[in-house]
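Heads up: the structure comes next, in structure tokens.
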Amino acid sequence: MIVFGLNQPFNLRVMATTFKDGDPGYAGVLGGVALGLESYHIFELKDEIPEAVWASEMAFKELEVEADLIEQICTTMREIRAG
Amino acid sequence: MLKGKKVAVFGERDDVTGLAIRHCVEAAGAEVVYETTSCFV
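Right, here's the structure in full:
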């Protein structure tokens, strides 16, 4: 599986789609090559990470990002996995 | 969900770095097979 740390929904969509279905722009070597890999953003995996590790590695980063953007990121990733 | 999974990590320099993600997923039992931190600016 793939885990991203990028907080830009548009770029996340392109990258996650590339790993799943191949490069959507047919510009790179993965154009038309469906690897079928599932992608997640690290914010989606919060419940999987031990609390102390999340607090030391991620809590500050999480505070820097607006809740709306986190929701948008998570929605984008879910759409790509479902599609 | 992460336990025993092989994970490729793509971090971002100004958002969440690859190293921070590595620490998180390894603590959850995943094996990191690739890690990088890029800058998309």
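Just so you know, the protein sequences line up as chains A and B, in that order.
When we follow my numbering, the leftmost residue of the first sequence carries the number 229, and every step to the right adds one.
When we follow my numbering, the leftmost residue of the second sequence carries the number 44, and every step to the right adds one.
Glycine residues also receive a C-beta, built at the ideal position from the N, C-alpha and C atoms.
Kindly examine the ligand ATP and report whether one of its heavy atoms sits closer than 8 Å to the Cβ of residue i.
| i | result |
| --- | --- |
| residue 296 (chain A) | With respect to the ligand ATP, the structure shown offers nothing to examine, as it has no ligands at all. |
Please report the Cβ distance between residue i and residue j, rounded to the nearest whole angstrom; I am assuming they are in contact, meaning their Cβ atoms lie under 8 Å.
| i | j | result |
| --- | --- | --- |
| residue 50 (chain B) | residue 229 (chain A) | 6 Å |
| residue 259 (chain A) | residue 251 (chain A) | 4 Å |
| residue 72 (chain B) | residue 63 (chain B) | About 17 Å separates the two Cβ atoms, so there is no contact after all. |
| residue 89 (chain B) | residue 61 (chain B) | Residue 89 (chain B) is absent from the model: chain B starts at 44 and stops at 84. |
| residue 241 (chain A) | residue 303 (chain A) | At roughly 11 Å, the Cβ-Cβ gap does not stay under 8 Å, so residue 241 (chain A) and residue 303 (chain A) are not in contact. |
List, in chain order, every chain B residue whose beta-carbon is nearer than 7 Å to that of residue i.
| i | result |
| --- | --- |
| residue 236 (chain A) | 83 |
| residue 285 (chain A) | 63, 66, 67 |
Please identify the residue among the options whose C-alpha is closest to the C-alpha of residue i.
| i | options | result |
| --- | --- | --- |
| residue 70 (chain B) | A:253, A:246, A:282 | A:282 |
| residue 44 (chain B) | A:249, A:266, A:241 | A:266 |
| residue 271 (chain A) | A:254, A:287, A:246 | A:287 |
| residue 277 (chain A) | B:48, B:47, B:66, B:59 | B:66 |
| residue 75 (chain B) | A:300, A:299, A:232 | A:232 |
Residue i and residue j: beta carbons closer than 9 Å?
| i | j | result |
| --- | --- | --- |
| residue 171 (chain A) | residue 239 (chain A) | Since the first residue shown for chain A is 229 and the last is 311, residue 171 (chain A) is missing from the structure and cannot be characterised. |
| residue 309 (chain A) | residue 248 (chain A) | yes |
| residue 289 (chain A) | residue 59 (chain B) | yes |
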